[in-house]
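Everything on this sheet refers to the single structure shown next.
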Amino acid sequence: MLTKAPRGTKDILPQDVYKWKYVEELFAEICGRFNYKEIRTPTFEHTELFARGVGETTDIVNKEMYTFEDKGGRSITLKPEGTAPVVRALIENNIYAQQQPSKFFYAIPAFRYEKPQAGRQREFHQFGIEAFGSGDPAMDAEVIALAVSFLDELGITGLKLHINSVGCPECRQTYNKALREYLEPKLPYLCSDCKVRFEKNPMRVLDCKVDGSKLSDAPIMLDYLCGGCRSHFERLQEYLKVLDIDYEIDPKIVRGLDYYTKTAFEIISINENSQGTVCGGGRYDGLVKECGGPDMPGIGFGLGIERLLNLMEAYDAKIPDPPKLDVYIAPVGEDGKKAALSMLYALRDIGISAECDYLGRSIKAQMKYADKLDAKYVIVIGDDEIRNNMAEAKKMSDGSTVSVTLDKSGIKSIEDMLGGSPND
RNA sequence: GUGGGUGUAGUUCAGUUGGCUAGAGCGCCAGGUUGUGGCCCUGGAGGUCGUGGGUUCGAGCCCCACUACCCACCCCA
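With my numbering as the guide, the letters of the first sequence map in order to residues 2 to 425.
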């Protein structure tokens with residue numbers, strides 16, 4: 002226990018962190034282009050926010066939340082998703098009263114108590130964006146376009162965009178009625194889970210892997226959309242075509258969170274059959290009001306970073322190499338060590354990455370070490386070098402050497418050598 | 001929550017129908033030029049065989065329980 006990270010959590014080690022930074026920076030850059038501003042919300046919130054915002058009937062609220070009581074007797078929950086906290090911040094900071102729309106992006110850890118498996122952890126990370134204040138389907142298109150651009154620029158292929166409309170509370174009521182009428186006579190033949198779903202949220206029955214195939218002639222939400230929702234969905238598709246974004250209408254997308262209205266979408270990997278969803282989102286026009294704010298529309302998505310990195314691995318997407326060590330200095334003897342330290346810090350001071358030996362290793366061992374560090378240059382400093390005020394800088398890629406002095410002009414010439422060939 | 005699979009050095013794995021001091025590759029450390037990497041050679045360190053019980057003269061191997069990890073379902077990122 003002592004030496005084991007908790008179930009469903011993972012260390013992100015230095016050999017992987019550069020990949021995370023790469024996707025984080027690209028995401029922030031693209032969000033900037035789309036004029037989304039970064040927002041940072043707390044890692045935990047009052048439990049009530051999620052119970053209310055995410056919805057009492059969802060799996061997340063029912064069985065997946067990391068909830069505990071703090072020392073003040075408050076019920077606290079580690080955030081299981083990113084939207085509700087941003088909605089809370091929007092309301093608490095009166096952002097809704099400023100000019101609209103308000104557009105945010107974030108990168109957060111999220112926590113759900115689930116059984117871990119491929120592409121699923123208890124602590125995972127997601128990018129997200131939220132756009133408030135506009136009910137325009139062009140905003141839906143923008144949110145989708147941002148996700149598509151991001152994945153595209155990362156070089157991930159083999160993804161598919163699925164869209165659907167889950168309607169608004171009014172047309173959903175009509176639909177649920179029709180669906181229940183359709184399902185009622187079939188109820189005895191459905192699995193036990195579906196019998197529960199029939200009561201709570203009949204749309205979920207269509208999602209059932211066991212019985213779904215038997216229900217291919219079931220009424221679908223799209224046929225029951227009210228005029229407003231129908232035209233919203235049609236205009237979204239027109240905008241997606243304008244933006245040249247391929248999509249597929251998938252009436253099965255329901256989204257597990259209760260707050261979704263109208264547009265629901267997922268970006269899924271076509272190869273992976275399990276945990277294929279890398280990005281999921283949709284419109285949530287009733288959420289801000291539900292959380293105690295004004296009646297304000299919103300739309301956003303969540304994009305799983307672990308799943309994203311897995312996909313990049315699978316599709317062999319290119320990630321720039323992390324920077325190499327510029328210079329390794331190998332001291333010999335105590336005097337050499339002092340001279341080495343002096344040069345080491347002189348280099349570091351002017352922005353050159355440099356390392357030396359702290360284990361008293363032999364030259365040979367230090368060379369091996371420098372090789373493993375992937376250093377660009379190695380400089381050995383011992384009594385001879387000190388006597389001559391001159392050392393050899395060995396270029397590790399080809400073994401060639403250049404003489405440098407142990408003073409300021411030597412530092413300068415090292416800087417010039419590195420400047421001339423940034424990534425040799 | 002349900003189901004399946006797997007736990008042997010740092011790591012990837014061998015380990016025969018139960019039988020002497022549990023092995024290999026890679027990695028790590030040292031040496032092969034008293035000061036120069038990659039290749040090669042030699043040597044070395046490193047294992048409560050997941051944990052606890054049971055069967056047996058004897059268990060890494062068989063049985064039970066627990067636990068961890070992996071995978072699938074549900075659901076989702």
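Just so you know, even glycine gets a beta-carbon here, dropped at the ideal spot from N, CA and C.
- If the five residues before and after F128 are omitted, its C-beta is found closer than 6 angstroms to the C-beta atoms of F28, A108 and L304, all from its own chain and listed in chain order.
- In its chain, beyond the 5 residues on either side, K104 have a beta carbon closer than 7 angstroms to the beta carbon of N36.
- Close CB contacts of C280 within its chain, under the 6 angstroms cut and outside five residues either way in sequence, are with A148, I268, F302 and L304 (chain order).
- Exclusion of the five residues before and after L312 leaves I157, S270 and V279 as the residues of its chain whose Cβ lies within less than 7 angstroms of its Cβ.
- Taking the C-beta atoms as reference points, T78 is found no nearer than 7 angstroms to F106.
- A residue is called buried once 16 or more other Cβ atoms fall within 10 Å of its Cβ, and H47, having fewer, is exposed.
- Straight through space, the alpha carbons of A111 and A90 are spaced by roughly 17 angstroms.
- Rounded to whole angstroms, D384 and L407 show a C-alpha spacing of 12 angstroms.
- Here the region 327-336 does not lie against the region 291-300, with fewer than 3 beta-carbon pairs under 8 angstroms apart.
- Only residues of its own chain outside the window of five on either side were considered, and among them D327, V328, I415, E416 and L419 have a CB closer than 8 angstroms to the CB of I353, listed in chain order.
- By the criterion of a C-beta distance shorter than 6 angstroms, I61 is surrounded in its chain by V55 and P81, once the five residues flanking it on both sides are discounted.
- Rounded to the nearest angstrom, the gap between the Cα atoms of A392 and I380 is 7 angstroms.
- In the DSSP assignment, G129 falls within the beta strand (DSSP E) that extends over E124 to F133.
- The beta carbon of D296 sits closer than 6 angstroms to those of K290, all from its chain and outside the five residues before and after it, given in chain order.
- Taking N94 as the centre and dropping the five residues before and after it, the same chain places no C-beta closer than 7 angstroms to its C-beta.
- Taking C-beta atoms under 8 angstroms as the contact rule, M344 and I382 qualify, at a distance of about 7 angstroms.
- Distance from the CA atom of A132 to the CA atom of L360, rounded to whole angstroms, is 54 angstroms.
- Cα atoms of G33 and K22: separation of roughly 16 angstroms, rounded to the nearest angstrom.
- Distance between D71 and V144, taken at the CA atoms: about 37 angstroms.
- Counting along the chain, no beta strand (DSSP E) covers T42, and no H or E run does either.
- Membership of C230 in the alpha helix (DSSP H) is indicated by the continuous run G228 to V243.
- Around G83, the same chain offers Y107, I109, A111, Q127, G129 and G303 as residues with beta carbons nearer than 7 angstroms, after the five sequence neighbours per side are excluded.
- For V55, there is no enclosing beta strand (DSSP E), as DSSP marks it with neither H nor E.
- Short of 8 angstroms from the beta carbon of G134, and not among the five residues preceding or following it, lie these beta carbons of its own chain, in chain order: Y97, Q101, P102, S103, M297, P298 and G299.
- Here DSSP, grouped into helix, strand and coil, assigns C172 to helix.
- Distances from the CA of I221 to each of S363, K161 and I250 were compared; the closest alpha carbon is that of I250.
- Boundaries of the alpha helix (DSSP H) harbouring F28: P15 to R34, taken from the DSSP string.
- By the 16-neighbour rule on beta-carbons within 10 angstroms, S76 is exposed.
- Secondary structure note for A355: its beta strand (DSSP E) is the uninterrupted segment A355 to C357.
- The continuous beta strand (DSSP E) containing P332 extends over residues V328 to P332.
- Residue environment for D286: buried (at least 16 other C-beta atoms within 10 angstroms of its C-beta).
- Across the structure, L241 and A142 are spaced so that their CA atoms are roughly 6 angstroms apart.
- Annotation: the continuous alpha helix (DSSP H) that includes I387 extends over D384 to N389.
- Residue pairing from DSSP places F106 in a beta bridge opposite E39 and I130.
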